[in-house]
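Student: Dumping the structure here so I can ask a few things about it.
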Amino acid sequence: MSARAPRRALALHLTVVGLLFLAQFVLPAYHHTNVARIMVLATYAMGYNILLGYTGLMSLGHAMFFAAGMYGAGLPVYYLGFGAPAALAAGVAAGVLLAALFGLLALRASGVSFLIVSLMFAQALYLASLYFNEITLGDQGFIVSDRLAPLRLGDKSLGFHEPALKYNAALVLFAACLMLSLALRASPIGRVLIAIRENEERTRLLGYDSLRYKLLSLVLSGGISAAAGASYALLFSYVGSTFASIQYSIYPLLWTLLGGIGTTLGPLLGTGLMFYLVDVASGITSAYLLLVGAALVVLILWFPQGILGTVRTKWLPWLP
Amino acid sequence: MSFGPHLFLALLEGTVSAFVLALTALGLSLVFGVMRIVNVAHGEFFMLGAVLAWFCSSAVGEPLAGFLVALLAAPLAVGALALAADRWILRRIDYHPESTIVATIGLLYVLQQAVLTLYGPDARPVSPPVYFTIEFPWFGYSGYKLVVAAVSALLLAATWWLLTRTTLGLYMRAAQQDLEMAQALGVPARRIYAIVFALGAMLAATAGVLVVPIQQAHYLMGLDPLLLSFIVVIIGGLGSVKGTLVAAFVVGLSDGVVSVFFSPTLAKIVATLLVVAVLVARPAGLFGAARS
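Keeping their order, the protein sequence lines are chains A and B.
The number in my numbering is simply the position in the first sequence, starting from 1, with 2 added.
The number in my numbering is simply the position in the second sequence, starting from 1, with 443 added.
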């Protein structure tokens, strides 16, 4: 890797963020909302990627962190009248707490056991969100927007129904998390995480407490996923149990796998492509999840590195 | 109804579902134990069994004949499908544990959505092949449910016999204990893997055929048996047939009792957290013994 690689990478990431900023002025209304949604979901996938791509831990329960953020932000708005910034903070705090608690329990298991513990833990929380439906309103969910006060910036007051606010808030969230994951990758901590992914035994022999690093990675991953969930609740106004179901744990896996595991921009690419594929397919047939299944099988059989992983191996070795 | 009969009913329901669960979970447990992979599509094999049973019974017309045809044809069809999945997907990724999970999640969606397309979103009933009620002093109980328990018990015994008394079973147990040594001694590992995967799928499909007169056939019905089978297999211990059977009864009965007296959702939450506790208490993990 050349010495110019980090600067090139930074330039590429700033260009992506810049293009996303400019896109809002040319996109038609329908795609405008879609791209805002994609940016929030891509943030979720980036959170997932920190655990799977950097640390090598596959989870089948990330919906619990997304949902923790969603309920952590949505319930205080609905019942206590929180404003958006406080609700976002509450959502992230809920995700971080859950990730720490889950990590302390589940990181004692490894490999496939960790996978199943994550699936089971998330399923228990999903069922709990149905069981306590007097509070969470279960499957039916609730709408946040009519209880959410407009955002105050200086002397301006911005309502959450404004498309421009949705788009730019999603962009700020996305850009912040993208830069965080780029910085993490280049940092000493990121390198230890990657070392754990490549060979945990050896990393431990070198004197690193791998459990602590895995816990840190899980908390970061859970926190970012929760930030995405909280933003989704605030920007798109709906909170419901569906977002805690297994399907929402599988989505970030698919998005990351498609875009490229362990690449910083892969989650955005994978989420965007899959979002539009599903969007087109669901217009044609009600069995659009067939596409999700076929994509998973095809990717794991022929393109386990995903799009950007393949690009990195073949053409651009500096791609982070 | 007073407490005693109520509890009796709960235990009766629990026993019937425990037998069906044991059959489904045994399939998952064999695949888990011998091949060291987690088949996330296992519940869809169960669902396919139920849906194929509906097709058979509506094609044949007469309930008993339709049921017998389904009991034969559905597991065979599902077994053939499993063989194809083993050949074209699992073997190509070399049974890598995590890739297998991703691939079988994909398979889960493909099968489920294919059924949605071909069969539709409705839950459809199948009339039971035999119809009689057993009169207890407090309530009448469907005789077919007891037939389900009996057939399941028979199949469990047959699988037990296969594992312990035949050469094929010997090969399976050898592959489970030490794959390399087994191969060195001439056990055809690839063929054993294919057979185990197909057998696991057939057990699930048979369970699906058996429950469809009680439960109706629906394209989303695979998720519950999958999660319950996970729970059973983990609590029972990796690859242990005895453990799987014991755990199926513990989970089936407690599920029945908690469902009747409290709520089915609460029963599932309790069972799920039980699994987390078991896994966390065994930090070496399910595959700890197999890896060393």
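Beta carbons: idealized from backbone N, C-alpha and C, even for Gly.
Only a predicted model underlies this, so the values are computations on that prediction, with no experimental measurement involved.
Can you pull the chain A neighbours of L716/B, defined as C-beta to C-beta under 7 Å?
Tutor: Residue mapping note: residue 716/B aligns to position 273 of the second sequence, counting from 1. Near L716/B (Cβ distances below 7 Å), the residues of chain A are A126.
Student: Between the Cα of Q556/B and the Cα atoms of L663/B, F704/B, L599/B, which residue gives the shortest distance?
Tutor: For this step, residue 556/B is matched to residue 113 along the second sequence. When each option's Cα is compared against that of Q556/B, the closest is L663/B.
Student: On the three-state DSSP scale, how would you describe A660/B?
Tutor: Taking the second sequence and counting its residues from 1, the one referred to as residue 660/B is at position 217. It is a strand residue.
Student: Taking 9 Å as the CB-CB cut-off, is I302/A touching chain B?
Tutor: What you label residue 302/A is simply residue 300 of the first sequence in a count that begins at 1. Interface residue, yes.
Student: Would you check if there are 3 or more beta carbon pairs closer than 8 Å linking the segment 586-602 of chain B to the segment 519-530 of chain B?
Tutor: Segments in contact, no.
Student: Is there a C-beta anywhere in chain B that falls below 9 Å from the one on L62/A?
Tutor: Counting from one through the first sequence, the residue named residue 62/A turns up at place 60. Output row for L62/A: interface = yes.
Student: Can you tell me whether A732/B is helix, strand or coil according to DSSP?
Tutor: Your numbering for residue 732/B matches position 289 in the second sequence. Residue confidence for A732/B is low, a pLDDT of 47 falling below 50, so the modelled location carries little weight; the figure read from the coordinates is stated next. Helix, per DSSP.
Student: Does DSSP classify Y128/A as helix, strand or coil?
Tutor: In the first sequence, residue 128/A corresponds to position 126, counting from 1. It is helical.
Student: At the 9 Å Cβ level, is V639/B part of the contact set with chain A, yes or no?
Tutor: Stepping through the second sequence from its first residue, residue 639/B is reached at position 196. Chain A, which has no Cβ nearer than 9 Å to the Cβ of V639/B, makes this no.
Student: Who are the Cβ neighbours of Y46/A in its own chain at under 6 Å, not counting the five residues just before and after it?
Tutor: Your numbering for residue 46/A matches position 44 in the first sequence. Here the set comprises F68, S227, A230, P254.
Student: How about G274/A and G308/A: do their beta carbons lie closer than 9 Å?
Tutor: As a first step, residue 274/A must be located in the first sequence, where it is residue number 272. As a first step, residue 308/A must be located in the first sequence, where it is residue number 306. The answer is no: Cβ separation not under 9 Å.
Student: Is R214/A close to the ligand GTP? I mean its beta-carbon at under 8 Å from any heavy atom of the ligand.
Tutor: Here there are no bound small molecules, and the ligand GTP is not part of this structure.
Student: Look up F510/B in the DSSP assignment and say whether it is helix, strand or coil.
Tutor: In the second sequence, counting from the first residue as 1, residue 510/B sits at position 67. Helix.
Student: Which residue wins for smallest C-alpha separation from Y50/A, given the options A101/A, Q26/A, V28/A, I145/A?
Tutor: Here the question's residue 50/A lines up with position 48 in the first sequence. For the residues A101/A, Q26/A, V28/A, I145/A, the minimum Cα distance to Y50/A belongs to A101/A.
Student: So for V241/A, helix, strand or coil by DSSP?
Tutor: The count along the first sequence starts at 1 and reaches residue 241/A at position 239. Strand.
Student: How big is the Cα-Cα spacing for G295/A and K216/A?
Tutor: On the first sequence, position 293 is the one that residue 295/A refers to. On the first sequence, position 214 is the one that residue 216/A refers to. Taking the straight line joining both Cα atoms gives about 29 Å.
Student: Does the Cβ-Cβ distance between A596/B and F489/B come in under 9 Å?
Tutor: Along the second sequence, read from residue 1 onward, the residue named residue 596/B stands at position 153. Along the second sequence, read from residue 1 onward, the residue named residue 489/B stands at position 46. Not a contact, by the Cβ cut-off of 9 Å.
Student: Is T547/B helix, strand or coil by DSSP?
Tutor: Here the question's residue 547/B lines up with position 104 in the second sequence. If DSSP states are grouped into helix, strand and coil, T547/B belongs with the helices.
Student: If the cut is a Cβ gap below 8 Å, which residues of chain B does T287/A touch?
Tutor: Position 285 of the first sequence, counted from the first residue, corresponds to residue 287/A. Ordered by position in chain B, the residues that pass the 8 Å Cβ test against T287/A are T560.
Student: Return the chain-ordered list of same chain residues with a C-beta closer than 7 Å to the C-beta of A484/B, the five sequence neighbours on each side being excluded.
Tutor: Indexing the second sequence from 1 puts residue 484/B at position 41. For A484/B, where only same-chain residues beyond five positions count, the Cβ hits under 7 Å are T547, L550, L551, L554.
Student: Taking only beta-carbon positions, decide if P269/A is within less than 9 Å of chain B.
Tutor: Here the question's residue 269/A lines up with position 267 in the first sequence. Answer no: the Cβ-Cβ gap between P269/A and chain B never drops below 9 Å.
Student: For M478/B, count neighbouring Cβ atoms within 10 angstroms of its own Cβ and tell me buried if that reaches 16, exposed if not.
Tutor: Looking up residue 478/B in the second sequence gives position 35. The residue is buried, with at least 16 neighbouring Cβ atoms inside 10 Å.
Student: Leaving aside the five residues before and after A733/B along the sequence, list all residues of the same chain whose C-beta is less than 7 Å from its C-beta, in chain order.
Tutor: Within the second sequence, the letter at position 290 stands for residue 733/B. With a pLDDT of only 42 at A733/B, under 50, the local geometry of the prediction cannot be trusted, and no value is derived from it.
Student: Quick check on V708/B: does DSSP put it in helix, strand or coil?
Tutor: Residue numbering aside, residue 708/B sits at position 265 when the second sequence is read from its first letter. In the sequence under discussion, the amino acid at residue 708/B is Thr, which differs from the Val named in the question. Helix, per DSSP.
Student: Taking DSSP's pairing of strands, which residues face R154/A in a bridge?
Tutor: Locating residue 154/A in the first sequence gives position 152, where the first residue counts as 1. For R154/A, which the question treats as bridged, DSSP gives the partners S159/A.
Student: Below 8 Å on the Cβ atoms is my guess for I678/B versus L717/B; work out the distance and round it to an integer in Å.
Tutor: Along the second sequence, read from residue 1 onward, the residue named residue 678/B stands at position 235. Along the second sequence, read from residue 1 onward, the residue named residue 717/B stands at position 274. Indeed they touch by this definition, with Cβ atoms about 7 Å apart.
Student: Cβ closer than 9 Å: which chain C residues qualify as neighbours of F305/A?
Tutor: Absent from the structure is chain C; the protein chains it does hold are A and B.
Student: Here's a check: name, in chain order, each residue in its chain whose Cβ is nearer than 8 Å to the Cβ of F451/B, leaving out the five neighbours to either side.
Tutor: Taking the first residue of the second sequence as position 1, residue 451/B is located at position 8. The answer, listed in chain order, is F579, W581.
Student: Mind checking who E578/B pairs with in its DSSP beta bridge?
Tutor: The sequence position of residue 578/B within the second sequence is 135, counting from 1. Partner(s): G583/B.
Student: Can you tell me whether I536/B is helix, strand or coil according to DSSP?
Tutor: As a first step, residue 536/B must be located in the second sequence, where it is residue number 93. Reduced to three states, the DSSP call for I536/B is coil.
Student: Flag G549/B as yes if its beta-carbon sits less than 9 Å from any beta-carbon of chain A, otherwise no.
Tutor: Taking the second sequence and counting its residues from 1, the one referred to as residue 549/B is at position 106. Answer yes: the Cβ-Cβ gap between G549/B and chain A drops below 9 Å somewhere.
Student: Beta-carbon separation of I657/B and P571/B under 9 Å?
Tutor: As a working note, residue 657/B is residue 214 in the second sequence. As a working note, residue 571/B is residue 128 in the second sequence. The answer is yes: Cβ separation under 9 Å.
Student: By how many angstroms is the C-alpha of M624/B removed from the C-alpha of G476/B?
Tutor: Within the second sequence, numbered from 1, the residue matching residue 476/B stands at position 33. Within the second sequence, numbered from 1, the residue matching residue 624/B stands at position 181. Cα to Cα, G476/B sits roughly 16 Å from M624/B.
Student: According to DSSP, is F144/A helix, strand or coil?
Tutor: Taking the first sequence and counting its residues from 1, the one referred to as residue 144/A is at position 142. Reduced to three states, the DSSP call for F144/A is strand.
Student: Could you pull the start and end residues of the alpha helix (DSSP H) that D281/A belongs to?
Tutor: Mapped onto the first sequence, residue 281/A falls at position 279. Element bounds for D281/A: 268-286.
Student: Can you list, in chain order, the residues of its chain with a C-beta nearer than 8 Å to that of P165/A? Leave out the 5 residues immediately preceding and following it.
Tutor: The count along the first sequence starts at 1 and reaches residue 165/A at position 163. Excluding sequence neighbours, P165/A sits near A31, H34, T35, A38.
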